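Take a look at the structure below.
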Amino acid sequence: MKLINKKEQVTPVLIKSLVELFSHEYWTDKRTIDDVKHLLEHSYSFVMIVDEEEQEVLGFGRTLSDGYHAMMIYDVIVKNEYRKQGIGQKIVQTILDDAKKIEIIDLLCKDYNLQFYEKIGFQKEQTLNVMRIKQDLK
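In this text, residue positions in the sequence shown follow our numbering: the first is 1, and each later residue adds one.
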């Protein structure tokens, strides 16, 4: 397995594999190749775990940030058959290791993922709520 976190390392084959990985999660299943190219280009950082031999993305995570005060982690996904092997933890830990100078690091997750993130050091914020406007862009 290889860790990729530079835009110039991402090939068209890996972009297609990432679209395939995204197709299995409810919040990313509508993303196209163009969407994925855009999010890679405009993310503050990303981490991709790749099976080099198969040229297949096994796990992914990305961030948005101002580079100083706040960072938000998005789209942490590990392919089903590779879960519980440390890939998700490696993705998040790599993001955190690269963000040592950022004061606040947040993420959104479902209740079933709370324990995973708490083991890494995140704490559930009791005083905030997620507020959202979802626009139909079609």
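Don't be surprised by glycine CBs; every beta carbon is placed ideally from N, CA and C.
Computed from a predicted structure; not experimentally measured.
Reducing DSSP to helix, strand and coil, say where K84 ends up.
-> coil
Give the C-beta separation of G59 and I91 to the nearest angstrom, bearing in mind that I take them to be a contact with Cβ-Cβ under 8 Å.
-> 5 Å
Exposed or buried, which one is T63 when buried takes at least 16 other CB atoms within 10 Å?
-> buried
Could you please give the first and the last residue of the uninterrupted alpha helix (DSSP H) stretch that includes I49?
-> Careful: I49 lies outside any alpha helix (DSSP H), inside the beta strand (DSSP E) at 45 to 51.
Please report the Cβ distance between I104 and A70, rounded to the nearest whole angstrom; I am assuming they are in contact, meaning their Cβ atoms lie under 8 Å.
-> 5 Å
Nearest-angstrom Cα separation, counted from L114 out to E125 = 11 Å
Enclosing alpha helix (DSSP H) for E20 [first to last residue] | 12 to 22
Pick from G86, N80, R132 that is closest to Y117, judged by C-alpha positions | Considering only alpha carbons, the answer is G86.
Residue range of the beta strand (DSSP E) that includes F60 | 56 to 65
How would you label D75, buried or exposed, when you count the other beta carbons within 10 angstroms and need 16 or more for buried?
-> buried
Note down, in chain order, each residue of its chain lying with its Cβ closer than 8 Å to the Cβ of L14, except the 5 sequence neighbours on either side.
-> I4, M48, V50, Q55, V57
Taking the continuous alpha helix (DSSP H) assigned at V76, which residues delimit it?
-> No alpha helix (DSSP H) contains V76, which is instead part of the beta strand (DSSP E) from 70 to 78.
Consult DSSP for L137 and reduce its assignment to one of helix, strand or coil.
-> coil
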